[in-house]
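Protein chains in written order, with the numbering used here: chain E, 1152 to 1511; chain L, 2 to 286; chain V, 1358 to 1618.
In what follows, a structure is listed as structure tokens, so that the remarks can point back to it.
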Amino acid sequence: MKTIVRLENVSKSFEKDKYVINNLSLDVYEGEFLTLLGSSGCGKTTILRMISGLEHVTDGKVYIDDKDVTELDPTKREVNTIFQNFALFPHMTVFENVSFGLRMKKVSKKEIESRVKKVLKLVELDGYEDRYPSQLSGGQQQRVAIARGIVMNPKVLLLDESLASLDLKLKRMMQIELKKIQRKLGITFIYVTHDQDEALTMSDRIIIIEKGVIKQEGSPQEIYQNPNSTFVADFIGESNLLTSTIDKINDTTIDVKFDNKIFVVNREEEDNIGDKVYLMIRPENVLVSNKEINNSSKGIIKTLVYDGAVTKLFVDTEGDFDLKVNVQGNTNYKEGDTLYIAVENKNIVPIREKKNEKRR
Amino acid sequence: MKKGDRFFKFITLSPIVIYTSLLILLPLIYIFFLSFCKNDSYGGIIYDFTLSNYIAIFDITYLNIFVKSSLIAFIATFICICISYPFALILRERSENLQNLMTKLIMIPFLTNSLIRTYGWIVLLRKNGIVNSILITSGLIENPLSLMYNNLGIIIGMSYTLLPFMVLPVCSSVFKIDNTLIEAARDLGAKPWAIFKKIIIPETISGVFNGSLMVFIPAIGYFFISDILGGGKAMIIGNLIKNQFLTARNWPFGSAISIFLIIITFFLVWIYRKLGGKLDDLGGM
Amino acid sequence: MKHKKLKNIFIGLVLFFLYLPIIVLVVYSFNTSKMNIVFEGFTFDWYKNLFNNRDLIEAFINTLIIAVTSTVVSTIIGTLGAVGLNKYDFKFKSFINLLIYIPIVIPEIVLGISLLSIYTLTKIELGMFTLILSHIAFSIPFVIVSVRSTLSSTLKTYEEAAKDLGANSMNTFFKVTLPQMMPGVISGAILAFTLSLDDVVISYFTSGPGSNTLPLKIYSMIKTGISPDVNALSTLMLLATMIILTTSAIIQSRKIVGGTK
């Protein structure tokens, strides 16, 4: 896969010696839908702005399509941004907005017209040329913003929380639409968001950022199934994190002890007996039963929340730990009921908190 | 910074820098300098350091003018508050359209010539003016009242001319109060007076102080109002400065009074900012 | 409700207080009686007098020249300055930002005498030039404050979007920033224009022998005694203000229909 954007040891500080981004390296591949995911203030938007050139790096290099663009202004970079609130110029019509960049490049009138027409068709807004942004719905504004970016034929399209201002239903729809447009164009999209749902739905690859540092990267499945830190486990989806200690080291596995029970998980090289290991268990992977089953714990349902497709149980176990459990569909359980819970070994993800640097 | 950008920076900033230094800073520095100079009997300036101009301010004659002028300005400010507060509170409960219409209606007289409006008061207030004629024909009084050519005339003129400067900031701060605050207070059993004291006043204090600044400061300087409605006998600080510059030709003393006024102004603005006021709101008419 | 009636009466009284002197002037400008007390009959005489008064016409023309010139200059400098101060950092920026408020907060008379002093010091002859310069001096801060209110963080995003689409600084300013600031620029210009038309205090100190302005002329007319000429003149000026206000309101509402909501 060809690298289209490369950040090489970039750092950014707005105040002296206060780094928002510190020595970060990142490769973006041609044609992928990459999402930078992190809570607000983690530096993800700064990374995006360093790629667009709206922010210059304090240190390091930025390459776009193998060209060093570190010193170039946004004007000269072949990337375009879709801003958080779309930043459609309110005093210009849809046509004027979409053609703005081409006019700045002094493209001939005829070409402008045909290119604008083409992209408006692509985003299904043909016929809206003479409307003003205020006369459009949120979803339509979003599509104008996308058209305004892609009409420039950018190498990369940068999207800064571009769906955040839409309501939930529209957001869901636009997520699918965005992915469709991206596939159709084959342009690399770099999407910034704090919404893990959005990241899981749209991305080919997700990069999780915390305090300006990459915590983990991988496909949505990889990240959901194998978080490498408690932070990621907690940030993506719901999870139970249980603290256990290594009891015995085998050839390829280790035995960990939790609540006086032994679980078998994969071994890693630097494991030692007595080390602390977090066990991450997704609520949907917890088995529930009315009778005692193998290696199960007894518990009482403290709270029960009905949530449509699933029912969420908060179970207070005898072993002095609480567990979130999701049960598909309806159940006959009520709050206060006693039940037995168990987890299969394959659904237990061990997390060793010492080594939380990224892994490829 | 790119070349085009540097050019743009130069284009935008150089006029404003030249303007502030030549037309604001330099004149103020010069009168500050003048205020420490002596003057000769022909109105000339002797460049000789002295503090006598500042000491003279505390002469009983001038002190009298200062106190009286401040009192007039204070009363005018108070009248403006007494009109603006209920006005804003009543409008607060009305529709936004009505609020906008009313603020516009307040603005219009303010945009017409203030001398003309002051002149209108002569027609109304003088001995054989409209107010006195109405009062006499209706039999309420026998002899005409002295409504102008005295301090009352000045106070009426000042409050009238400067009222919009109070109404607008007070309205904008009163309209801004979050309705849920008042509802919450009512819900917790607060009586109207308690709501006014505990919520409305604290929430609007910077708006009221903004208005007070914009009324009080001109009210000590608008010499033309005291000239027209005070009949020349009554003096406010504005007249005093004007006389020092144009009649008595004692520029150093006039400068000293002006510097004194600037210091008072800066002090008031400092309080305003301490109360949470923004400088931009002061000119936001 | 009785309460509501009282409130309405209060609002009515405030408006009555504000408009009373204006109404009086307009009505009496058509009064045949010179003494202004009883309305004796309808006449246009005072208006005719006005147009034969050469001094007055000259003062009027002076006032217009001063108002137009100072408005144009202060709007340009103020608008550029607001943009520059918002966009760039430089030494003394915060100091200049404070200096700008001085003409707004200090008593007008202090600005008037300090300008007079500096003109005398530099031996600039008092006249039209000093009047225009002084009007520019007190107008610029109001323009800046008015323009600044339109420079929001959203505008910054618009500028970034323009840059991102390849616009240079000049294009960004003229195609994106300026159209967005226009409401602020227009209201700043209107404010500058009306302040200039209305100014008595600063003009009083900075005018020369051959450069009377209308407010100064009215001032001297009022001081010498009441004359119905002033009523007629006032009515005409009121009319002019109304026309300016409504036109600008219409222009601005059209802009809004075309642009944002």
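Note that CB positions come from ideal geometry on N, CA and C, so glycine has one too.
Run of the alpha helix (DSSP H) containing residue i, from where it starts to where it stops
i              : result
residue 1546/V : 1535–1555
residue 1358/E : Where residue 1358/E is concerned, there is no enclosing alpha helix (DSSP H), although the beta strand (DSSP E) it sits in stretches over 1356–1361.
residue 121/L  : 115–126
residue 141/L  : No alpha helix (DSSP H) contains residue 141/L, which DSSP labels as neither H nor E.
residue 1389/V : Premise fails: residue 1389/V is in no alpha helix (DSSP H) and is neither H nor E.
residue 101/L  : 97–112
Length of the line joining the Cα atoms of residue i and residue j
i              : j              : result
residue 1175/E : residue 1478/E : 41 Å
residue 1464/E : residue 1200/E : 42 Å
residue 152/L  : residue 73/L   : 7 Å
residue 222/L  : residue 44/L   : 23 Å
residue 1289/E : residue 1342/E : 19 Å
residue 1367/E : residue 197/L  : 56 Å
residue 154/L  : residue 240/L  : 16 Å
residue 1247/E : residue 1529/V : 14 Å
residue 47/L   : residue 202/L  : 51 Å
residue 1231/E : residue 1303/E : 8 Å
residue 1373/V : residue 1367/V : 10 Å
residue 1164/E : residue 1173/E : 8 Å
residue 286/L  : residue 169/L  : Note that residue 286/L has pLDDT 49, beneath the 50 cutoff, so the model's placement of it is unreliable and the number below is only indicative. If I take the Cα positions, the gap works out to 7 Å.
residue 145/L  : residue 128/L  : 6 Å
residue 1500/V : residue 181/L  : 35 Å
residue 163/L  : residue 77/L   : 8 Å
residue 218/L  : residue 1578/V : 27 Å
residue 1322/E : residue 1315/E : 8 Å
residue 1178/E : residue 1158/E : 6 Å
Extent of the continuous beta strand (DSSP E) run through residue i
i              : result
residue 1166/E : 1154–1166
residue 1467/E : 1461–1468
residue 1393/E : 1391–1400
residue 1176/E : 1169–1180
residue 1490/E : 1489–1493
residue 1409/E : 1404–1409
residue 1400/V : Taken as a continuous stretch (DSSP letters only), residue 1400/V belongs to no beta strand (DSSP E), as it is neither H nor E.
For residue i, the residue or residues it bridges with in DSSP
i              : result
residue 1501/E : 1430/E
residue 17/L   : Residue 17/L pairs with nothing; no bridge assigned.
residue 1342/E : 1186/E, 1310/E
residue 1518/V : DSSP output for residue 1518/V lists no bridge partner at all.
residue 1409/V : Looking at the DSSP assignment, residue 1409/V forms no beta bridge with any residue, so it has no partner.
residue 1458/E : 1461/E
residue 1450/E : 1468/E, 1490/E
residue 1417/E : 1404/E
residue 1218/E : 1215/E
residue 1330/E : The partner list for residue 1330/E (beta bridge, DSSP) is empty, contrary to what the question assumes.
Residue i - DSSP class collapsed to helix/strand/coil
i              : result
residue 1264/E : helix
residue 1439/E : strand
residue 279/L  : coil
residue 1364/E : strand
residue 1479/E : strand
residue 150/L  : coil
residue 1212/E : strand
residue 1474/E : strand
residue 188/L  : helix
residue 1230/E : strand
residue 1369/E : strand
residue 1513/V : helix
residue 228/L  : helix
residue 1444/E : coil
residue 286/L  : Low confidence applies to residue 286/L: its pLDDT is 49, below 50, so where it sits in the model is not reliable enough to give any reading.
The ligand FMN heavy atom lying under 8 Å from the CB of residue i
i             : result
residue 146/L : Absent from the structure shown: the ligand FMN. Ligands present: none.
Members of the region 1237–1261 of chain E that neighbour chain V once the beta carbon cut-off is set at 7 Å:
Hits within the stretch, in order: 1238, 1240, 1241, 1242, 1251, 1252, 1255, 1256.
Which of the residues in the region 1518–1533 of chain V, read from start to end, lie with their CB under 8 Å from any CB of chain E?
In summary, the residues of the region 1518–1533 of chain V whose CB is separated from some CB of chain E by less than 8 Å are 1518, 1519, 1520, 1521, 1522, 1523, 1524, 1525, 1528, 1532, 1533, in the order they occur in the chain.
Quick one, which residues of the region 1420–1438 of chain V are near chain E if we go by CB-CB under 8 Å, in chain order?
From the region 1420–1438 of chain V, no residue has a Cβ closer than 8 Å to chain E.
Mind checking the region 1490–1521 of chain V against chain E and listing, in chain order, the residues whose C-beta falls within less than 8 Å of any C-beta there?
Per Cβ criterion, the list reads 1511, 1514, 1515, 1517, 1518, 1519, 1520, 1521.
Please name the residues in the region 107–125 of chain L whose beta-carbon is closer than 9 Å to at least one beta-carbon of chain V, in chain order.
Interface annotation for the region 107–125 of chain L against chain V: 107, 108, 109, 110, 111, 112, 113, 114, 115, 116, 117, 118, 119, 120, 121, 122, 123, 124, 125, criterion Cβ-Cβ distance under 9 Å.
Members of the region 164–179 of chain L near chain V, C-beta cut-off 9 Å:
Residues of the region 164–179 of chain L with a Cβ closer than 9 Å to any Cβ of chain V, in chain order: 164, 165, 168.
Taking only beta carbons into account, state which residues of the region 1211–1231 of chain E come closer than 9 Å to chain V, listed in chain order.
Near chain V, meaning a CB-to-CB distance below 9 Å, the residues of the region 1211–1231 of chain E are 1224, 1225, 1226, 1227, 1228, 1230, 1231.
For the region 1532–1555 of chain V, which residues have a CB atom closer than 9 Å to at least one CB atom of chain E, in sequence order?
Of all residues in the region 1532–1555 of chain V, 1532, 1533, 1536, 1537, 1539 have a Cβ within less than 9 Å of some Cβ in chain E.
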